[in-house]
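In the working numbering, the protein residues as written are 45 to 247.
The structure appears below as C-alpha cells.
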Amino acid sequence: MANVDKNAMRNRLLEERALIVDRMERTGEYGLDDPMSDELSELSLYDNHPADIGSELFERGKDVALRDNDKLMLQEIDGALKAIDDGVYGICKSCGRSIDNERLEARPSVTLCVDCKEEDERLHPDRLRPIEEEFLYPGFGRTDMDDTSVTAFDGEDSWQAVERFNRRSGYIHMYEESGFEEHVGIVDDVDQISNEEYKNQLP
45 MANVDKNAMR NRLLEERALI VDRMERTGEY GLDDPMSDEL SELSLYDNHP ADIGSELFER
105 GKDVALRDND KLMLQEIDGA LKAIDDGVYG ICKSCGRSID NERLEARPSV TLCVDCKEED
165 ERLHPDRLRP IEEEFLYPGF GRTDMDDTSV TAFDGEDSWQ AVERFNRRSG YIHMYEESGF
225 EEHVGIVDDV DQISNEEYKN QLP
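Pasting the structure below:
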C-alpha cells in the first residue's frame, strides 16, 4: 500500500465531498431543479423553435455538464472512501502497484497509477469526446452505402433530396459566380478601400 496518511486523505475527501454537495444544493443542481419553461416565463416550449431560445439552450447544456461533472466527482470520492475502508487505498485498480504519493496528494480520489491512466487514455481516446461526434463524423458515416453493393436510399440520398427544396430558378448559390462588383454593398466610402491600398499608404 502507498505510504500515505489515510486519515488525512479521508478528511480531504470528506471536505471535498461536502463542498460539492453544498454547491449542488445551493444552486439547485445548477438550476436544473426548475423546468426550463420557468426560466423563460413560458407555459410551454412546444411552440418555440430551438433557434429562438439558443442562448437559453446553451446555458442549459452548460448546467447539465456542470451537474454531471459534479456527480462523477462524487462517485470518484465515494470510491476512494470505500477503498480506504477496504484497506486498498493507494493501490492501482489495473496493475495492483502502489500509486505515487505525489499523485495521491494532487488528487486523492484517483484509482489508477500514472502509467495505467496514460494507457487507458490511449486505448479510449474518444471517452472524453461528446457522444454526438460518433454520429456527425464522418458525414453520413452511419448510413453511407456508396462503397457497398447495397442500392438502398441512404443518408447521402436523403440530404440530396432535402437540398433540392432550396433550389430556386435564378438563385445564385456562390457569391463569386454572381458577377457583383466590388463596391456593391458598401455603407461608407471608406469601405471601398482595399487591404492593398491601406497597406500602401502606411508610413
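Just so you know, even glycine gets a beta-carbon here, dropped at the ideal spot from N, CA and C.
Q.
So if DSSP puts residue 153 in a beta bridge, which residue, or which two residues, is it bridged to?
A. Residue 153 is not bridged to any residue.
Q. Using DSSP with H/G/I as helix, E/B as strand and the rest coil, what is residue 135?
A. strand
Q | For residue 142: DSSP bridge partner residues | A | 135
Q | residue 121, buried or exposed, once every other Cβ within 10 Å from all chains shown has been counted against 16 | A | buried
Q. Do you know offhand how far residue 189's Cα is from residue 202's?
A. 12 Å
Q.
So, for residue 84: in the same chain, excluding its five sequence neighbours on each side, which residues have a beta-carbon less than 7 Å away from its beta-carbon?
A. 97, 100
Q: Return yes when at least one heavy atom of the ligand SAH lies under 6 Å from the C-beta of residue 245, else no.
A: With respect to the ligand SAH, the structure offers nothing, as it holds no ligand at all.
(Q) Given a cut-off of 7 Å on the beta-carbon distance, is the pair residue 74 and residue 107 in contact? (A) yes
Q) From residue 220 to residue 246, what does the alpha carbon distance come to, in whole angstroms? A) Reliability of the predicted coordinates at residue 220 is poor, the pLDDT of 46 falling under 50, and no value is obtained from them.
Q) If you count every other CB in all the chains shown that lies within 10 Å of the CB of residue 134, and 16 or more means buried, which is it? A) buried
Q: State the DSSP-derived secondary structure class of residue 119, mapped to helix, strand or coil.
A: helix
Q. Hey, residue 138 and residue 156: beta-carbon distance below 7 Å or not?
A. yes
Q) Taking C-beta to C-beta, are residue 152 and residue 56 nearer than 7 Å? A) yes
Q: Identify which residue in 78, 61, 65 has its Cα closest to the Cα of residue 125.
A: 61
**Q.** Three-way DSSP call (helix, strand, coil) for residue 99 in this model
**A.** helix
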